[in-house]
Amino acid sequence: ARLAAGDFEIPEGVSRVVVAGVLDLPPVLTRFFEKNEIMVNVLVPDPRVDEWGRPGLDWNENEIRWPRSGSVTLTGDPGQQATLAVAKVIEAESDCDEVGLGTADEQVAAELVRSFARAGWVVHDPGASLPSSLVGWLSCWRRFLQNPGVKEVVDMLAFDQGESLVEGIRSLQVEALSSLLDSHLVRDLSDVERAHQLILDSLESTNSESKRKRLDHQLELALIAERVMADFSGLRKKFLGQGFHQGMRSLAGRIDRNDEAGLLLWLDETAGAAQEVKRPPVFWIELLLQDLGPVPEEAPDERVLDVQGWLELLHDPAKHLVVCGMNEGYVPGRSSSDTWLPESAREALGLPREKSRAARDAYLLHALLEMRSENGRVDLIVGKTSQEGDVLNPSRLLLTAKGERLGRVVEQLFAEVEPSDSGVAWSLEPHWKWNPRKKSPKERMSVTAFSKYLACPFRYYLQRVIGMNEPEPERVEWNHRDFGNVIHEVLENWGRDEVLRDSADAAEISKWLEQSLDELGSRHFGGDLPLAVSLQVESMKLRLGWFAEEQAKIRAEGWRIVEVEKDFELEIAGVIVSGQIDRIEQHDDGRVRVLDYKSSKGAKDVVREHQRKYRLDPPAHLRAKEVMAPGGAIWTNLQVPFYADAFGKVDEIGYFAVGQDETNVKITPWDDFGEEEKDSARRCAEWIVGQVQREIFWPPAEKVAYDEFEDLGYGRELAEAFVEKGGLV
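Here the sequence shown is numbered in our numbering, starting from 128 and rising by one per residue.
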């Protein structure tokens, strides 16, 4: 730009300029040299060029012979080109210091780095660049200035800059914030403070040792989350108080320590404009982001090769040259797409144009081949498709043959090529399979865990033994688990009120339940519920209203609640099995009934939720006689029968459904449940405990109702994606 504007002078003391291996010296530079009458020496490997080392247009008519030692090979996409390049090097038995590697296609360059790495060679692509981490962090900081939320802080902590601004271990801070996002849907610092208090309240009220341990861990995370949110909120307040330029200068030493992005210079250059243009900090951050470009990828210290660009290959002395991407549009390069500068205008202005570029590349290819004609090798690789599947044509430089030879060349370079996925194996190679860590199960089990083992022993191992679960920190509403827990908590609080639970007045019960639900929402979110949650609360109020009407009828029929959320523990084969009964009732005539609240959309049949009949053979893990229920069905769940076993004398068991409409709010009893079913469920539980203690978790079930680990299967059966090892066989 300075040359074009005439704002450049040759430094004092310079009397000669040497131009070495530059085949397309820009006209603006040649005019500058001519104007200054300075001696210029042009060095190129072939005399058939003009005085400035530029090949003439007659090179477009010359025939370029294919390499005498080497090859020209057609293959598929960039990945296949890179794989073939590795094969050519292996075939020639070339050492790394004898190989030159190049391409004009950036997609192929990235694949070359990966393919050679798999072969044990560390290769670097000098043309590769990465987005500046400062750009990413500033984008997050901009959002935090606009909305000081928990998700914005998590995003900032993903960058090194986030760690340098606040004290603490970044991984723990992210874990703490993500945990509260998942468990309490926290949005900002005030929500985090409320979550902290809710955890404290739960700790004070629990008598369960296992629950206390879990809550103690949650409390530690809540304290970390509260501290990091307070620190970032303090930074934000200080930054906004200082204004953008002063605030950014105070952060610069920590977010760009070596000033690699030129942040301080940019602040100096824009300080004057900031005095004249009164804009908020967000405006200046957006302006700064436009000026911060990508950062070149650092070269590994152990690299043995660089992927050269097309023009750089002229300077590579390697005996064995492997050049990929020999396709039209890359070699020669694409012509300018600027509609205001067509080829005729570029010619009139003395600018590089398509014909001169093609001549340059023809000369360059000729030079690369001639340099290795006596004692070297050149392998040229032509791609058939791009990474996106677009069809590519061979470079015109490979189609300069005449007569019959041209026909053979065309036949070779336009042949069909199998796509890269045509040979994909349908069975995974061992190194792609998951290898879960070995861990022995605890000597405690929850009664709800039985259904997990009956559904799939291996998924039970992943979830209940090694603790693999998929959190949902990005959600903005209660999921089905939260939804059920909230309804359970409201009904539990109501059931602990010995006066109100004995009421037969539906309006009185409904009013209390709605008030309790509103209070619960306020404890979680203050007075401003998220929109999605407020809609869920209204849905819950409808359900609880129908529950109140059903409860009034039940009380009028003579049933009264005697206990709610009753904890129990049983010992089975040396293992403690624990559970919690939602609701225990007694009729005026002395009958006892145990009910489990269910908040699914529809009222489910309690028997079908616990037993299943198979027309054909049941899954492999359900063929033991112990899993057989009376009547020939297979046990799939033991929860409600186990409640009856734990409580002792029970006359009736069932579900109390709190569904999505009035018809699905009702009790669904287990008719004809008796000692035979109870004993059978007990035998099944003993079998499951024995299987777990012997660490028998294989094979996985082929099908489950809802697969939380589907992504681990690569679209295959889970058994195909895991290594059978240790206690998993």
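Just so it is clear, CB atoms sit at the ideal spot from N, CA and C, and this is done for glycine as well.
- By the CB criterion at 8 Å, leucine 419 and alanine 388 fall inside the cutoff.
- Residue pairing by DSSP places leucine 257 opposite Val422 in a beta bridge.
- Contact check between the segment 311-324 and the segment 339-354: three or more CB pairs, one atom from each, fall below 8 Å, which counts as touching.
- Boundaries of the alpha helix (DSSP H) harbouring valine 280: 277-284, taken from the DSSP string.
- With the rule of 3 Cβ pairs closer than 8 Å, the segment 418-433 counts as touching the segment 247-259.
- Under the 10 Å beta carbon count, phenylalanine 243 is surrounded by 16 or more other beta carbons and is classified as buried.
- Secondary structure note for proline 796: its beta strand (DSSP E) is the uninterrupted segment 792-796.
- Closest by C-alpha distance to serine 266, out of Ala285, Gly254, Val250, Pro253, is Ala285.
- For serine 547 against glycine 206, the beta-carbon gap comes to about 6 Å, under 8 Å, which counts as contact.
- 8 Å or more divides the Cβ of valine 149 from the Cβ of glycine 197.
- Judged by DSSP secondary structure, serine 335 falls outside any beta strand (DSSP E); it is assigned neither H nor E.
- By the beta-carbon neighbour count (other beta carbons within 10 angstroms, threshold 16), aspartate 798 is exposed.
- Out of Val509, His372, Gly361, the CA that lies nearest to the CA of proline 407 is found in His372.
- The segment 782-799 makes contact with the segment 718-729, as at least three CB pairs between them are under 8 Å.
- Within a 10 Å sphere around the beta-carbon of tryptophan 673 sit 16 or more other beta-carbons, which makes this residue buried.
- The criterion of a C-beta distance shorter than 8 Å is satisfied by tyrosine 724 and leucine 618.
- Excluding sequence positions up to five before and after serine 332, its CB lies less than 7 Å from no other CB in the same chain.
- Residue pairing from DSSP places asparagine 168 in a beta bridge opposite Val145.
- The beta carbon of aspartate 716 sits closer than 8 Å to the beta carbons of Gly685 from its chain, once the five residues preceding and following it are set aside; these are given in chain order.
- Just so you know, the alpha carbons of tryptophan 437 and glycine 229 end up roughly 6 Å apart.
- About 5 Å separates the beta carbons of leucine 507 and valine 450, which is inside the 8 Å limit, making them a contact pair.
- Annotated as distal: glutamate 413 and arginine 270, with beta-carbon spacing of 8 Å or more.
- Residue pairing of glycine 706 in beta bridges, as defined by DSSP: Phe695.
- For isoleucine 217, the uninterrupted alpha helix (DSSP H) segment begins and ends at 205-219.
- In the three-state scheme derived from DSSP, where H, G and I count as helix and E and B as strand, tryptophan 561 is classed as strand.
- In the DSSP assignment, serine 661 is bridged to no other residue.
- Between the C-alpha atoms of proline 444 and lysine 162 there is a straight-line separation of about 35 Å.
- For proline 182, the secondary structure class from DSSP, reduced to helix, strand or coil, is strand.
- Alanine 236 places its beta carbon less than 8 Å from that of glycine 254.
- For tyrosine 724, the enclosing beta strand (DSSP E) begins and ends at 719-725.
- Take the alpha-carbon of lysine 740 and the one of valine 734: they are about 11 Å apart.
- Contact check between the segment 639-647 and the segment 603-621: three or more CB pairs, one atom from each, fall below 8 Å, which counts as touching.
- Relative to proline 182, the option among Ala486, Asn454, Ala659, Lys805 whose CA is nearest is Ala486.
- Taking every protein chain shown into account, the CB of valine 145 has fewer than 16 other CB atoms within 10 angstroms, so this residue is exposed.
- Between methionine 595 and histidine 714, the alpha-carbon positions lie close to 43 Å from each other.
- The residue from Pro154, Asp328, Phe836, Asn764 with its alpha-carbon nearest to that of tyrosine 580 is Asn764.
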